[in-house]
Amino acid sequence: MSEQSPYAIESDKLTKRFEHVTAVDGVDLAVGYGEIFGLIGPDGAGKTTLIRLLATVIPPTAGTARVLGYDITRDQESIRADVGYMPQRFSLYGDLSVWENLNFFADVHGVRGKEREERLKRLLAFARLERFRDRRARYLSGGMQKKLALACALVHHPRLLLLDEPTTGVDPVSRREFWDILAELLAQGVTILVSTPYMDEAERCTRVGLMYQGNILVQDTPEAIIARVPGHLLEIHILPGEDGRLPMRRARDIVAQVEGVSHVQAHGDQLRAFVDQPDAILPRLRRALDQGGIPYNAIQPGRPHLEDAFIHMMSNNKKVISGR
């Protein structure tokens with residue numbers, strides 16, 4: 438093993454094909470030691486396949502990758518000994534209790550001796566599951582199942598965690614608790630690569646990679662990626678019409694046709710419009726909304742989000758690798 442590289446994960450033109458489908462298409466990825474790297478993208482972008490390649494669950498079709506200095510095709514056992522992998526559907530054993538699941542994974546990873554019980558107790562406390570030690574896994578809430586899955590992935594003290602959408606389907610409070618646990622792991626020096634469909638989670642990462650159609654469009658800090666969004670953002674707060682409903686679809690269509698507006702998104706009762714010259718376009722927007730009979734109470738500058746950057750890059754479908 439060599440750790441001369443500053444990267445815990447490095448890939449060069451990593452590719453995976455399934456018959457006529459290219460799920461991962463020549464990905465160059467760099468994840469530094471001691472960072473939390475967020476992988477985001479729509480369903481079918483290739484995130485799960487990329488993580489499975491790095492976890493040595495499946496072999497690549499082409500290209501290379503090194504994980505913690507090990508080659509993914511030659512050093513699979515060494516990688517598995519040092520990596521904790523949590524797939525989307527983690528196979529907990531529903532008939533086993535929380536404590537029995539932890540013991541099972543300790544057996545799988547060869548964790549034995551005096552240290553074993555102490556380590557499992559620490560993980561139980563770390564995952565906030567002490568009160569549920571004897572509860573069968575099938576009767577845990579979704580959030581508690583995710584935390585148990587993470588604890589099982591940590592049984593062998595991995596230096597790198599590969600987490601595939603670990604908070605999907607759990608409530609907001611459990612999501613927040615799960616990310617608090619990840620922050621504690623990061624402070625302990627564990628490197629984390631996590632895929633997530635939630636942009637608020639992605640913005641908590643050290644760096645993120647935006648994945649689309651098997652490619653990574655960009656990898657950089659969330660702030661740097663947001664700064665790539667062209668133009669200025671205007672937020673338009675739409676009011677209910679006479680029928681009491683928000684005319685969001687009609688308002689979006691009207692705003693999108695205004696000259697100088699690049700793209701429009703609807704968020705709740707708000708339209709987010711990207712424009713080149715706010716001072717010049719603002720009167721046009723007001724006139725278009727008034728003529729279209731759209732009630733609104735404010736048009737004000739806004740702050741772009743990571744989702745805005747991602748939508749812009751997907752629409753242009755440019756492969757840009759930076760921040761390495």
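Reading the sequence shown from the start, the letters are residues 438 to 761 in my numbering. Note that beta-carbon positions come from the ideal geometry of N, C-alpha and C, so glycine has one too.
The DSSP-derived three-state label of Pro659 is helix. Between Ala574 and Leu529, the beta carbon gap of about 4 Å places them in contact (Cβ cut-off 8 Å). For Phe563, there is no enclosing beta strand (DSSP E); the residue is found in the alpha helix (DSSP H) stretching over 551–563. Within a 10 Å sphere around the beta-carbon of Pro497 sit 16 or more other beta-carbons, which makes this residue buried. Fewer than three beta-carbon pairs drawn from the segment 649–656 and the segment 689–700 are found closer than 8 Å, and the two stretches are therefore not classed as touching. Judged by their CB atoms, Leu561 and Leu587 are not nearer to each other than the 9 Å cut-off. The beta-carbon distance between Ala746 and Ile663, rounded to whole angstroms, is 5 Å. This is short enough to meet the 8 Å contact definition. When the beta-carbon positions are compared, Leu487 and Asp465 stay at least 9 Å from each other. Under the 8 Å Cβ criterion, the segment 665–684 does not count as touching the segment 469–483, having fewer than three qualifying pairs. A contact is defined here as three or more CB-CB pairs under 8 Å, and the segment 588–603 meets this definition with respect to the segment 614–631. For Asp716, the closest C-alpha among the options Gly730, Gln728, Gln737 is that of Gln737. Ala543: not part of any beta strand (DSSP E); member of the alpha helix (DSSP H) spanning 535–545, first to last residue. With respect to Ala735, Ile673 sits close: the two C-beta atoms are nearer than 9 Å.
For Gln441, there is no enclosing beta strand (DSSP E), as DSSP gives it neither H nor E. Between the beta-carbon of Ala445 and that of Tyr470 there is about 5 Å, and that keeps the pair under the 8 Å contact cut.
Put simply, the backbone Cα of Gly547 is about 10 Å away from that of Phe541. Annotation note: the segment 665–736 contains the following uninterrupted beta strand (DSSP E) runs of length 3 or greater, listed N- to C-terminal: 669–675, 698–704, 707–712. Under the three-state reduction of DSSP output, Thr485 falls in the helix class. Shown here for His742: same chain residues with a beta carbon closer than 8 Å to its own, the five before and five after excluded, namely Met636, Glu640, Ile663 in chain order. Out of Arg553, Val458, Glu472, the CA that lies nearest to the CA of Gly646 is found in Glu472. Taking C-alpha positions only, Ala499 is separated from Glu614 by approximately 38 Å. Here DSSP, grouped into helix, strand and coil, assigns Pro479 to coil. Spatial neighbours of Val701 in its own chain (CB-CB distance under 8 Å, excluding positions within 5 residues in sequence) are listed in chain order as Arg689, Val692, Ala693, Leu708, Arg709, Ala710, Phe711.
Between the alpha carbons of Met523 and Asp512 lies a distance of about 20 Å. Taken through DSSP and simplified to helix, strand or coil, Arg575 comes out as helix. For Glu456, the secondary structure class from DSSP, reduced to helix, strand or coil, is coil. If only uninterrupted alpha helix (DSSP H) runs of at least 4 residues are considered, those enclosed by the segment 618–645 are 636–639. Per DSSP, Arg503 is not a residue of any alpha helix (DSSP H); the beta strand (DSSP E) it occupies stretches across 499–504. According to the DSSP assignment, Asp519 belongs to the alpha helix (DSSP H) that extends over 513–519. DSSP, read as helix, strand or coil, puts Ile653 in strand. In the displayed model, Ala492 falls within coil according to three-state DSSP, outside both helix and strand. In this structure, Ser611 keeps its C-beta atom at 9 Å or more from the C-beta atom of Gly506. Residue pairing by DSSP places Glu447 opposite Ala467, Arg503 in a beta bridge.
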